[in-house]
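Asker: Here you go, one structure.
In the numbering used here, the protein residues as written are 642 to 1337.
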């Protein structure tokens, strides 16, 4: 009865919970029920009188819990509702809640004053240049070139890595940290596709030495089965061009610890053992590659080290209250768990099994790459006048050193400073002069995983919440032009997006959901993870986040996939956030106080993820360039007399990014092939300083 009153009054279960508990404790007597109904009626009356901050109280965020457990949207209403495209429709489960949340948040801030940044008029003009004119002079001045990701990974670093690796003075290409959870696809000159995780992209560049550094973590079985096998099958000679340092070894129990820790939602982890193996590394347990080539027995032998490290495995099983029979069933049901990991569960002497396994795949395997002191090789190369290229895994914001978003990142320090530290190069060496060329991507800046993402078209947890797949998106029958027009038309003069729905023959969808799905499956976007296969959450170019990256490791940046703008009539970039707390409460980050209505602009102190969870984007519209496509193989581009001045809308987008983020854009991508990249120079006089044109 009381529950019916709660629903009739439109109250949330969270608001009514204390009163419902009271009824439970008093056995739902008539007197107690009457008292509770009266209290609920008062609660509803009070609700009607409250101001706009109170309107937001129904909005519940569960990001923190989702991050902690790795279980996105477990138990949320509608998380398991529907199938196929039905699970994405506006009336189903979580979508119903999402639409209400969006509307309430917008209504709370829709009268926000227009900020001056929205009135900035871009005036820069950019002309096409050559690699030799732009990139090579930068390389000539540096002994160590780094290519880190500038956002959340998947930015398209391989193309720039390949261009730098082809410079005649670059001798060594290195991966210096992280592991196989970083995946990238490379196409060789023969058209063969390679899926690399630890192997540097430079392996496909003739004459270059490639190394995997000692701070990397490696499952040698996966490394041989997934990566080296590709080189063998396609006839790529690697034994004299690929060297492996004294890496930390990912053992089967590390991957199983990943599975155990994400027991209720195993599909939300890559199950590559990254967190557990880095925990072993930090606590000075576990194995490194050299241990396999020395005596197993003894106080510091491989067996005793492994047995000590596996105590965490036994402890985790005990903590979860499961045995190995249950674990085996769970592992067999997940196609990401490899055969050698399954066999570990069934092994009686687990330490012996692991050491015998690695003996077979590494020690006695003539196909395993030669070992080397990689850090020493890098230092020797530079000492002899050569140059080295450090290929970045993941990105700045996925680094465990990214203080603002560290709890949603990987377990290695994957920003530029972390790469330098892992290389063990002498940072005090005057002729090192490290050069950072950051990589970003737009349109369709993307992210996978959990965490705060103010610029996303849907909440970062949305695809996990609904179980969305590529097939679902394809069933929606989405019209890209119709959706994108409605979406960008929803941007108000103050830069806020007014919530709306999109309806076609297949159903009605939240407009942001439709835009996200249409972007993911757009032929020029195809935003699905290489490693996970899950759809990436896409959104606006984030000038607020990019500004922090440029302060730390700027100013140079190459922006991939710029030719995606060929199919946009309009686009937009985020130039600020606005903080809106669902309870109207104040929060603090590094001494700054945030309250509903607080603006965070590009160039200002970036708050932590606790604050970012409650931020909405303020976006500035820019024009698309459908009539002047820059795709390298488009008819319009091929008809131009090169070098060309880039189309005005292209120039305006570059100018806006440079202006708000202190970035100096050196190139933009205009196709997937290695040579489909446009190097640019600003036409107007004067050199840019810190990414800003002279006079700005």
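Positions of the beta carbon are idealized from the N, C-alpha and C atoms, including for glycine.
1. Hey, how far is the Cα of residue 979 from the Cα of residue 754?
2. For residue 1041, which residues in the same chain have their Cβ closer than 7 Å to its Cβ, ignoring the five residues on either side in sequence?
3. Ends of the alpha helix (DSSP H) at residue 995?
4. For residue 1343, which residues in the same chain have their Cβ closer than 6 Å to its Cβ, ignoring the five residues on either side in sequence?
5. On the DSSP letters alone, give me the boundaries of the alpha helix (DSSP H) that residue 778 sits inside.
6. So, for residue 942: in the same chain, excluding its five sequence neighbours on each side, which residues have a beta-carbon less than 7 Å away from its beta-carbon?
7. According to DSSP, simplified to helix, strand and coil, what is residue 1032?
8. Could you name the residues of the same chain whose beta carbon sits closer than 6 Å to that of residue 887, not counting the 5 residues immediately before and after it, in chain order?
9. Going by the CB atoms, is the gap between residue 775 and residue 1320 shorter than 8 Å?
10. Are three or more beta carbon pairs between the region 758 to 765 and the region 998 to 1007 nearer than 8 Å?
11. Residue range of the beta strand (DSSP E) that residue 817 falls in?
12. Can you give the beta carbon distance from residue 817 to residue 1063, rounded, assuming they're within the 8 Å contact cut?
13. If we count the other Cβ atoms within 10 Å of its Cβ and call it buried at 16 or more, is residue 1067 buried or exposed?
14. Is the region 1177 to 1185 in contact with the region 1096 to 1105, if contact means three or more CB pairs nearer than 8 Å?
15. Would you identify the three-state DSSP class for residue 849, choosing helix, strand or coil?
16. Measure how close the beta-carbons of residue 976 and residue 915 come, nearest whole angstrom, since I'm counting them as under 8 Å.
17. Alpha carbons only, please: which of 748, 727, 731, 737 is nearest the one belonging to residue 1223?
18. Please determine, among 852, 983, 1308, 925, the residue with the shortest C-alpha to C-alpha distance to residue 1196.
19. For residue 1161, which residues in the same chain have their Cβ closer than 8 Å to its Cβ, ignoring the five residues on either side in sequence?
20. Alpha carbon to alpha carbon, how far is residue 873 from residue 778? Give it in angstroms, no decimals.
21. Find the nearest neighbour of residue 880 within the set 1246, 1011, 769, judged by alpha-carbon distance.
22. Do you know how far the Cα of residue 1287 is from the Cα of residue 1337?
23. Thinking just about the alpha-carbon of each residue, which of 949, 1016, 1276, 805 is nearest to the one in residue 924?
24. Does residue 768 come out as helix, strand or coil in the three-state DSSP assignment?
25. Are there three or more Cβ pairs, one per stretch, closer than 8 Å when the region 1311 to 1318 is compared with the region 1268 to 1275?
26. Considering only residues of the same chain and omitting the five flanking positions on each side of residue 665, which have a CB-CB separation below 8 Å?
27. Let me make sure I understand the geometry here. Which of 782, 746, 826, 772 has the alpha-carbon closest to that of residue 1072?
28. If contacts are defined as beta-carbon pairs under 8 Å, then residue 1154 and residue 729 qualify, I think. What distance do you get, rounded to the angstrom?
29. Return the CA-CA distance between residue 985 and residue 892, expressed in angstroms with no decimal places.
30. Put residue 754 into one of helix, strand or coil per three-state DSSP.
31. Note down the Cα distance separating residue 688 from residue 1127, rounded to an integer number of angstroms.
32. Can residue 1188 and residue 1077 be called in contact, C-beta distance under 8 Å?
33. By DSSP, does residue 1006 sit in helix, in strand, or in coil?
34. Going by Cα to Cα distance, which pick from 1026, 1198, 1323 is closest to residue 811?
35. Looking at residue 1185 and residue 1218, is the spacing between their C-beta atoms short of 8 Å?
36. Is residue 1145 helix, strand or coil by DSSP?
Answerer: Taking the definition as stated:
1. Position 338 of the chain shown holds residue 979. Position 113 of the chain shown holds residue 754. Spanning the two alpha carbons is a distance of roughly 55 Å.
2. For this step, residue 1041 is matched to residue 400 along the chain shown. 1047, 1050, 1051, 1052, 1053, 1054, listed in sequence order.
3. Counting from 1 along the chain shown, the entry for residue 995 is found at position 354. 991 to 999 is the extent of the alpha helix (DSSP H) around residue 995.
4. The chain is shown from 642 up to 1337; residue 1343 falls before or after that span and cannot be answered.
5. Here residue 778 refers to the residue found at position 137 when the chain shown is read from its first residue. Run containing residue 778: 772 to 781, per the alpha helix (DSSP H) assignment.
6. Along the chain shown, read from residue 1 onward, the residue named residue 942 stands at position 301. Correct list, in chain order: 936.
7. The residue you call residue 1032 lines up with position 391 of the chain shown. Reduced to three states, the DSSP call for residue 1032 is strand.
8. For the purposes of this step, residue 887 is taken as residue 246 along the chain shown, with counting starting at 1. Around residue 887: 855, 929, 930, 931.
9. On the chain shown, position 679 is the one that residue 1320 refers to. On the chain shown, position 134 is the one that residue 775 refers to. A contact, by the Cβ cut-off of 8 Å.
10. no
11. Here residue 817 refers to the residue found at position 176 when the chain shown is read from its first residue. 811 to 819 is the span of the beta strand (DSSP E), which, as asked, contains residue 817.
12. The count along the chain shown starts at 1 and reaches residue 817 at position 176. The count along the chain shown starts at 1 and reaches residue 1063 at position 422. Right, their Cβ atoms sit about 4 Å apart.
13. On the chain shown, residue 1067 is found 426 positions in, with the first residue counted as 1. By the neighbour-count rule (16 or more Cβ atoms within 10 Å), residue 1067 is not buried but exposed.
14. yes
15. Along the chain shown, read from residue 1 onward, the residue named residue 849 stands at position 208. The answer is coil: DSSP assigns residue 849 none of H, G, I, E or B.
16. For the purposes of this step, residue 976 is identified with residue 335 of the chain shown, where counting begins at 1. For the purposes of this step, residue 915 is identified with residue 274 of the chain shown, where counting begins at 1. That belief does not hold up - the Cβ atoms of residue 976 and residue 915 are roughly 19 Å apart, past 8 Å.
17. What you label residue 1223 is simply residue 582 of the chain shown in a count that begins at 1. Nearest C-alpha to residue 1223: 748.
18. Locating residue 1196 in the chain shown gives position 555, where the first residue counts as 1. Among 852, 983, 1308, 925, the Cα nearest to that of residue 1196 belongs to 1308.
19. Residue numbering aside, residue 1161 sits at position 520 when the chain shown is read from its first letter. Cβ neighbours of residue 1161 beyond the five flanking positions: 1111, 1114, 1167, 1168, 1169, 1176, 1177, 1179.
20. Position 137 of the chain shown, counted from the start, is the residue given in the question as residue 778. Position 232 of the chain shown, counted from the start, is the residue given in the question as residue 873. Taking the straight line joining both Cα atoms gives about 36 Å.
21. Residue mapping note: residue 880 aligns to position 239 of the chain shown, counting from 1. Minimum Cα distance to residue 880 is reached at 1011.
22. As a working note, residue 1337 is residue 696 in the chain shown. As a working note, residue 1287 is residue 646 in the chain shown. Only weak support exists for where residue 1337 lies, its pLDDT of 39 falling under 50; the coordinates are left without a value.
23. Within the chain shown, residue 924 is the residue found at index 283, counting from 1. Of the candidates 949, 1016, 1276, 805, the one whose C-alpha sits nearest the C-alpha of residue 924 is 949.
24. By one-based count along the chain shown, residue 768 stands at place 127. Of the three classes helix, strand and coil, the one that applies to residue 768 here is strand, per DSSP.
25. yes
26. Taking the first residue of the chain shown as position 1, residue 665 is located at position 24. At residue 665, the pLDDT of 48 sits below 50, so the modelled position is not reliable and the matter cannot be decided from this model.
27. Mapped onto the chain shown, residue 1072 falls at position 431. Among 782, 746, 826, 772, the Cα nearest to that of residue 1072 is on 782.
28. One-based indexing of the chain shown puts residue 1154 at position 513. One-based indexing of the chain shown puts residue 729 at position 88. Going by Cβ atoms, the distance from residue 1154 to residue 729 rounds to 6 Å, so yes, they are a contact pair.
29. The residue you call residue 985 lines up with position 344 of the chain shown. The residue you call residue 892 lines up with position 251 of the chain shown. Approximately 10 Å between the Cα atoms of the pair.
30. Along the chain shown, one-based indexing puts residue 754 at 113. Three-state result, residue 754: coil.
31. Position 47 of the chain shown, counting from 1, holds the residue named residue 688. Position 486 of the chain shown, counting from 1, holds the residue named residue 1127. Since pLDDT at residue 688 reaches only 42, below the 50 mark, its modelled position is unreliable, and the value read off the structure follows with that caveat. One C-alpha to the other measures close to 34 Å.
32. Here residue 1188 corresponds to residue number 547 of the chain shown, with the count starting at 1. Here residue 1077 corresponds to residue number 436 of the chain shown, with the count starting at 1. For residue 1188 and residue 1077, no; Cβs fall outside 8 Å.
33. By 1-based counting over the chain shown, the position of residue 1006 is 365. Looking at residue 1006 - three-state DSSP - the assignment turns out to be coil, as it is neither helix nor strand.
34. Taking the first residue of the chain shown as 1, we reach residue 811 at position 170. Out of 1026, 1198, 1323, 1026 has the C-alpha closest to the C-alpha of residue 811.
35. Locating residue 1218 in the chain shown gives position 577, where the first residue counts as 1. Locating residue 1185 in the chain shown gives position 544, where the first residue counts as 1. Going by C-beta atoms, residue 1218 is nearer than 8 Å to residue 1185.
36. Locating residue 1145 in the chain shown gives position 504, where the first residue counts as 1. In the structure shown, residue 1145 sits in a strand (DSSP, three-state: E or B).
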